[in-house]
Amino acid sequence: MEARRLDFPALDQDVNGNRLVYLDNAATTQKPRAVIGEIRRFYERDNSNVHRGVHELSNRATLGYEGARKRAAEFLNATSAEEIIFTRGTTESINLVASAWGARHLRRGDRILLTEMEHHSNLIPWQLLAARAGARLDFVPVTGDEGLLDLGRIDELLDGTRLFAFTHISNALGTVNPVGELCRRAKAAGAVTLVDAAQSAGHAPLNVREIGCDFLALSAHKMAGPTGMGLLYGRRELLEAMDPYQGGGEMISSVDFGGSTWAAVPHKFEAGTPDISGAFGLRAAMDYLDGIGRDRILEHDRALGAYAYARLAEIPGIRLLGPAEGRAGLVSFVLGDVHAHDVVMLADRVGIALRGGHHCTQPLHRKLGVESTTRASFYLYNTAEEIDRLADVLREIKRYFSR
Ligand code: PMP
Numbered sequence: 044m045e046a047r048r049l050d051f052p053a054l055d056q057d058v059n060g061n062r063l064v065y066l067d068n069a070a071t072t073q074k075p076r077a078v079i080g081e082i083r084r085f086y087e088r089d090n091s092n093v094h095r096g097v098h099e100l101s102n103r104a105t106l107g108y109e110g111a112r113k114r115a116a117e118f119l120n121a122t123s124a125e126e127i128i129f130t131r132g133t134t135e136s137i138n139l140v141a142s143a144w145g146a147r148h149l150r151r152g153d154r155i156l157l158t159e160m161e162h163h164s165n166l167i168p169w170q171l172l173a174a175r176a177g178a179r180l181d182f183v184p185v186t187g188d189e190g191l192l193d194l195g196r197i198d199e200l201l202d203g204t205r206l207f208a209f210t211h212i213s214n215a216l217g218t219v220n221p222v223g224e225l226c227r228r229a230k231a232a233g234a235v236t237l238v239d240a241a242q243s244a245g246h247a248p249l250n251v252r253e254i255g256c257d258f259l260a261l262s263a264h265k266m267a268g269p270t271g272m273g274l275l276y277g278r279r280e281l282l283e284a285m286d287p288y289q290g291g292g293e294m295i296s297s298v299d300f301g302g303s304t305w306a307a308v309p310h311k312f313e314a315g316t317p318d319i320s321g322a323f324g325l326r327a328a329m330d331y332l333d334g335i336g337r338d339r340i341l342e343h344d345r346a347l348g349a350y351a352y353a354r355l356a357e358i359p360g361i362r363l364l365g366p367a368e369g370r371a372g373l374v375s376f377v378l379g380d381v382h383a384h385d386v387v388m389l390a391d392r393v394g395i396a397l398r399g400g401h402h403c404t405q406p407l408h409r410k411l412g413v414e415s416t417t418r419a420s421f422y423l424y425n426t427a428e429e430i431d432r433l434a435d436v437l438r439e440i441k442r443y444f445s446r
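The structure is reproduced here in C-alpha cells:
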C-alpha cells in the first residue's frame with residue numbers, strides 16, 4: 044500500500060515546513076495520476092459534447108461517457124447500466140430521489156425514516172420533502188458515544204414507513220452500519236431504501252444486489268475521483284415510475300410547445316450537458332481502485348482505524364466518539380477542553396491536515412453534547428507512522444493547553 048503513495052502527486056509536498064500528512068479523506072481524497080491523466084487526456088484529445096453528435100470527437104466523448112456508466116454498473120454489480128444516473132454527487136443524488144420519487148409516492152401523513160447519524164445531505168432533502176408533502180420524519184436513535192444504531196425498536200419504526208434512508212459509514216463516528224440487514228427489514232415492512240454510500244464507495248466492495256437496496260448514492264471525489272461528479276443507483280422499475288428531476292436538453296423524447304415526452308431511463312434524469320470529463324475521471328478512479336482491490340483497501344482502512352483509535356485512546360483526557368471495534372478508517376474526538384478549531388490549526392502548523400467542526404452532522408453532535416469534534420480520516424495511502432505523528436502532536440497540543 045505504501046508504494047501507492049507515489050501515485051498521488053499532491054502527497055509529495057511539504058506543508059509549513061513538514062512532510063504533508065493528509066488525514067482529511069472523509070472530506071475528499073487525493074487523486075492518483077491515473078485519474079488526473081485521464082481527465083487531461085479527455086480534454087486534449089476527445090473533448091466534445093455527448094449524444095446527438097455524429098462527428099468523431101462526439102462519438103468518442105459519448106462512448107467514453109456511456110462506457111463510464113457501464114463501468115459504474117459493474118463496479119456496483121447493478122443489473123444494467125440504465126440503473127446508473129450521473130449526478131454532481133451524493134447530495135444531488137439524494138435530492139433527486141427526494142424530488143422525483145417523493146413527488147410521486149409521498150402523501151400527507153406518510154413517514155420517512157432516517158437515523159440520528161445522517162449527514163445533512165441525507166437529512167435536509169427529506170425535511171424539505173416532508174414539509175412539501177405533509178409527511179413526518181422519524182429517526183433510528185444512536186446509542187451514545189459508541190455511536191451504534193439502536194435497532195431495538197427498528198421494526199416498530201419501520202411499520203408504516205414509506206422510505207428508509209441511512210448511511211453505510213458514518214462520516215462523523217466511523218460506524219459501519221449493517222446495510223444488508225437494514226434493507227432486509229425495511230423491505231419486509233414494505234419501505235423503499237436509500238443507502239448513502241459517500242463514505243463507503245471506494246473504501247470497500249459494494250454490491251447493490253447483495254445489499255438489496257432500492258437506491259444508493261455516492262460521490263466520485265471521496266473515492267480518488269474528481270469533484271462535481273457522482274451517481275445515483277436506482278432499481279429500474281422504481282426509476283421508470285419516477286417523474287423527471289430537472290427539465291432541459293438530453294432528457295426528452297419529443298418536445299412541442301404544448302407539452303413533451305421524456306427520454307428513457309437513465310437519460311430522463313440527466314438534463315443538460317453532463318460532467319463528461321468527470322465521467323471519464325470516475326471510470327479511471329474505479330479502474331484504479333479495483334487494480335488495488337477494494338477488499339485490500341477495506342482491510343487497510345480498518346487496520347488504520349483500529350490503530351488510530353488505540354493510539355489516541357492513550358492520550359489523557361481525550362474523548363473518542365464511535366465504536367471501539369469494527370470501525371471504518373476515521374476517528375473523531377474531543378481533546379479535553381481544547382477547541383476543535385485550535386487542534387486543527389495547530390496540527391496544520393506542522394503539516395497535518397485534519398478537520399474540525401460538526402462535520403455536517405449537527406443534530407448528532409447536539410445529541411452527544413458536543414459542539415464540535417476533530418476528525419482524522421484515512422485512505423489507502425496513509426500509514427501507521429502518520430498516525431504516530433498525529434498522536435505525538437495531539438499530546439503536545441493537550442500539554443500546551445493544560446499549562
Ligand atoms: N453523506 C456522507 C456520509 C458524507 O460524508 C458526505 C460528504 N461529507 C455527503 C453525504 C455529501 O457528499 P457530497 O458533498 O459529495 O455530495
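Quick note: to get my numbering, add 43 to the position in the sequence shown (first position is 1).
The C-beta atom is built at its ideal place from N, Cα and C for all residues, glycine as well.
In this text, all values refer to a predicted model and were calculated from it rather than measured experimentally.
Determine the closest residue to Leu224 out of Leu192, Ser213, Ala215, with distance taken between C-alpha atoms. Sequence check: residue 224 is Glu here, not Leu. Of the candidates Leu192, Ser213, Ala215, the one whose C-alpha sits nearest the C-alpha of Glu224 is Leu192.
Just checking: is the beta-carbon of Val413 within a distance shorter than 8 Å of some beta-carbon in chain D? The chain labelled as chain D is not found in the depicted structure, where only one protein chain is given.
Taking three-plus beta-carbon pairs below 8 Å as touching, is the region 64 to 84 in contact with the region 300 to 308? no
I'd like to confirm something about Ala70: is its beta-carbon nearer than 7 Å to some heavy atom of the ligand PMP, or not? yes
Using DSSP with H/G/I as helix, E/B as strand and the rest coil, what is Ser415? coil
Mind checking Leu166: buried by the 16 CB within 10 Å criterion, or exposed? buried
Taking only the alpha-carbon atoms, compute the straight-line gap between Arg147 and Ala176 and give it to the nearest angstrom. 10 Å
Taking the Cβ atom as the reference point for each residue, do Asp239 and Thr122 lie within a distance shorter than 8 Å? no
For a minimum of 4 consecutive residues, which ranges assigned as the alpha helix (DSSP H) are wholly contained in the region 379 to 426? 383 to 392, 405 to 410
What are the partner residues of Asn61, as DSSP defines its beta bridges? Val58
Boundaries of the beta strand (DSSP E) in which Arg88 is found, first to last residue: No beta strand (DSSP E) holds Arg88; DSSP gives it neither H nor E.
Whose C-beta lies closer than 7 Å to the C-beta of Glu45 among residues of the same chain, with five residues either side of it excluded? Thr426
With respect to 7 Å, is the separation between the Cβ of Lys265 and the closest non-hydrogen atom of the ligand PMP below this value? yes
Nearest neighbour of Ala143, chosen from Arg112, His310, Gly233, Gln289 [CA to CA]: Gln289
Using DSSP with H/G/I as helix, E/B as strand and the rest coil, what is Ser123? coil
Which residue comes first and which comes last in the beta strand (DSSP E) that contains Gly277? 273 to 277
Any idea if Tyr422 is buried or exposed, counting beta-carbon neighbours within 10 angstroms, 16 or more meaning buried? buried
Nearest neighbour of Asp181, chosen from Leu157, Ile212, Gly190, Leu172 [CA to CA]: Leu157
Just reading off the alpha helix (DSSP H) that Ser136 is part of, what are its end residues? 133 to 139
Note down, in chain order, each residue of its chain lying with its Cβ closer than 8 Å to the Cβ of Ala314, except the 5 sequence neighbours on either side. Pro287, Tyr288, Gln289, Gly290, Gly291, Gly292, Glu293, Met294
Below 8 Å, how does it come out for the region 185 to 204 and the region 434 to 443: are there three or more Cβ pairs, yes or no? no
Nearer than 7 Å: is that true of the beta carbon of Ala241 relative to any heavy atom of the ligand PLP? As presented, the structure is devoid of the ligand PLP, carrying the ligand PMP as its sole ligands.
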